[in-house]
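First the structure, in the form of structure tokens, and then the observations on it.
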Amino acid sequence: MTGLPVADPSLLMRRPLAIKIGNSPDYVRPQSSLTLADVVYEYYIEWGDTRFIAVFYGNNSPQVGPVRSGRYMDEHVARMYHSFLMFKGADPRELNYLKGTDISQFLIIVGISNCPPYFIGHYKRDSYNNVFFNMDKWAACVLKKGLDDTPQTISGGFFSTDVPASQSLATKIYTFYSVYSYNYWEYDPATQNYFRYQESQDMVNGKGEAYAPLTDAQTNLPVTAANVVVLFAPYIFTNSYNAHDEVYNIDLIDYGKAIVYRDGVAIPAYWNRTEMDQPILLTNLDGSPIYMHPGRTFYEVIGTTSTYTQDGSDWHFNFQTP
Numbered sequence: 398m399t400g401l402p403v404a405d406p407s408l409l410m411r412r413p414l415a416i417k418i419g420n421s422p423d424y425v426r427p428q429s430s431l432t433l434a435d436v437v438y439e440y441y442i443e444w445g446d447t448r449f450i451a452v453f454y455g456n457n458s459p460q461v462g463p464v465r466s467g468r469y470m471d472e473h474v475a476r477m478y479h480s481f482l483m484f485k486g487a488d489p490r491e492l493n494y495l496k497g498t499d500i501s502q503f504l505i506i507v508g509i510s511n512c513p514p515y516f517i518g519h520y521k522r523d524s525y526n527n528v529f530f531n532m533d534k535w536a537a538c539v540l541k542k543g544l545d546d547t548p549q550t551i552s553g554g555f556f557s558t559d560v561p562a563s564q565s566l567a568t569k570i571y572t573f574y575s576v577y578s579y580n581y582w583e584y585d586p587a588t589q590n591y592f593r594y595q596e597s598q599d600m601v602n603g604k605g606e607a608y609a610p611l612t613d614a615q616t617n618l619p620v621t622a623a624n625v626v627v628l629f630a631p632y633i634f635t636n637s638y639n640a641h642d643e644v645y646n647i648d649l650i651d652y653g654k655a656i657v658y659r660d661g662v663a664i665p666a667y668w669n670r671t672e673m674d675q676p677i678l679l680t681n682l683d684g685s686p687i688y689m690h691p692g693r694t695f696y697e698v699i700g701t702t703s704t705y706t707q708d709g710s711d712w713h714f715n716f717q718t719p
């Protein structure tokens with residue numbers, strides 16, 4: 398998934414783990430183990446907030462989270478990477494839907510036992526945002542419950558350290574989801590990574606933008622990505638009831654527009670996914686595959702009507718639905 402060698406190849410002899418990680422309220426930051434994930438997706442959930450779903454394959458961690466609730470969108474990620482899906486409950490509409498799919502056996506939901514290995518964190522906060530997952534204990538739980546942890550054949554994409562030709566520089570990538578959730582990524586040539594900055598105050602009552610570095614409580618490292626990909630995908634409602642509550646379906650099947658950022662440049666792209674059980678393929682506008690920089694890839698999933706502007710090497714995305 399990253400194009401990098403794995404320190405412990407035995408970890409690859411299993412299914413990946415896709416774990417929901419909260420990004421709001423602000424006090425859940427710094428989250429634990431985002432820097433150990435292979436791939437991370439961020440998407441809008443409701444009422445101005447976003448959430449992460451992080452896919453772990455080449456690393457383990459004794460503390461991942463805080464683990465939060467599932468959404469319709471998570472089915473796409475679980476299918477793309479043939480993974481288990483770890484989450485802390487869900488709206489009954491979404492939970493019943495997920496339980497009715499053929500991936501129901503791979504849903505790992507917070508319960509009252511120590512298998513699956515969820516636990517209460519040491520933080521002094523409400524219990525709703527204080528549940529974590531211990532990956533180090535997962536293998537024993539798999540054996541105990543007789544779960545299907547068969548190694549999977551996963552298409553990890555194309556990787557190269559060669560910098561692609563591009564006429565557009567990309568130093569900062571801003572994504573404005575709402576006055577409550579906005580962020581940017583800043584490219585660092587020394588590390589060849591984009592560093593994540595997250596809003597530090599809501600833009601209400603006359604307050605303007607303010608940012609702070611996003612860090613990882615487990616590793617004490619800044620959250621970085623070798624590749625940042627902005628995906629334009631439809632945010633839709635299946636009925637008026639879901640629309641009232643902002644229960645979105647995000648359609649990641651077929652194709653759509655995208656922009657790939659790596660090595661300080663921007664690459665106009667298309668995303669393609671014709672089958673449910675395959676990952677997204679990113680291509681240039683001529684249809685040739687895009688090679689990613691080896692390392693973590695972070696996807697920002699925004700609506701198809703979202704707008705963006707370019708100011709020199711700074712890119713500004715304004716989230717809109719559908």
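Residues in the sequence shown are numbered consecutively from 398, following the working numbering. For each residue, glycine too, the CB sits at the ideal point set by N, CA and C. Please read these numbers as outputs of a predicted model, since none were measured by experiment.
Nearest-angstrom beta carbon gap, residue j and residue i [assumed within contact, 8 Å]
| i | j | result |
| --- | --- | --- |
| A475 | F503 | 6 Å |
| E472 | T447 | About 18 Å; that fails the 8 Å criterion. |
| V528 | I517 | 6 Å |
| Y638 | G653 | No, Y638 and G653 are not in contact; Cβ-Cβ is about 26 Å, not under 8 Å. |
| F555 | I647 | Not confirmed; about 24 Å, so no contact. |
| G462 | I418 | 6 Å |
| S710 | L566 | 4 Å |
| P548 | L409 | 7 Å |
| I656 | R670 | Their Cβ separation, rounded to whole angstroms, is 17 Å, which puts I656 and R670 out of contact at 8 Å. |
| M398 | V437 | Contact doesn't hold; Cβ gap of about 11 Å is too wide. |
| Q707 | S552 | Q707 to S552, Cβ: 31 Å. No contact. |
Residue j beta carbon less than 8 Å from that of residue i
| i | j | result |
| --- | --- | --- |
| T701 | F629 | yes |
| A536 | M483 | no |
| Y581 | D599 | no |
| R465 | K485 | yes |
| I677 | M477 | yes |
| S480 | R522 | no |
| Y561 | I664 | Residue identity differs from the one stated: residue 561 is Pro in this sequence, not Tyr. Closer than 8 Å, so yes. |
| V644 | F695 | no |
| K542 | W712 | no |
| Q460 | S421 | no |
| S575 | G445 | yes |
Counterpart residues of residue i in DSSP-defined beta bridges
| i | result |
| --- | --- |
| L628 | A655 and V698 |
| H713 | Y571 and T706 |
| V436 | V452 and T694 |
| F592 | E583 and T621 |
| A536 | None; A536 has no bridge partner. |
| P686 | T680 |
Sequence-distant residues of the same chain with beta carbon closer than 6 Å to residue i, five excluded per side
| i | result |
| --- | --- |
| T612 | P427 and P619 |
| T572 | N580, E697 and F714 |
| D423 | none |
| L433 | N456 and S458 |
| S557 | Y688 |
Contacting residues, own chain, Cβ-Cβ under 7 Å from residue i (five flanking each side not counted)
| i | result |
| --- | --- |
| I442 | R448 and R468 |
| S703 | F629, F714, N715, F716 and Q717 |
| V425 | G419, P463 and N526 |
Cβ-based neighbour list, residue i, same chain, cut-off 8 Å, excluding 5 preceding and 5 following
| i | result |
| --- | --- |
| N590 | Y584, T621, A622, A623 and G692 |
| T586 | In the sequence on display, residue 586 carries Pro and not Thr. Excluding sequence neighbours, P586 sits near G661. |
| Y594 | N580, Y581, W582, E583, Y608, A609, P610 and L611 |
| L682 | P665, A666 and Y667 |
- prompt: Is the number of C-beta pairs between the stretch 626-642 and the stretch 691-711 that are closer than 8 Å three or more?
  reply: yes
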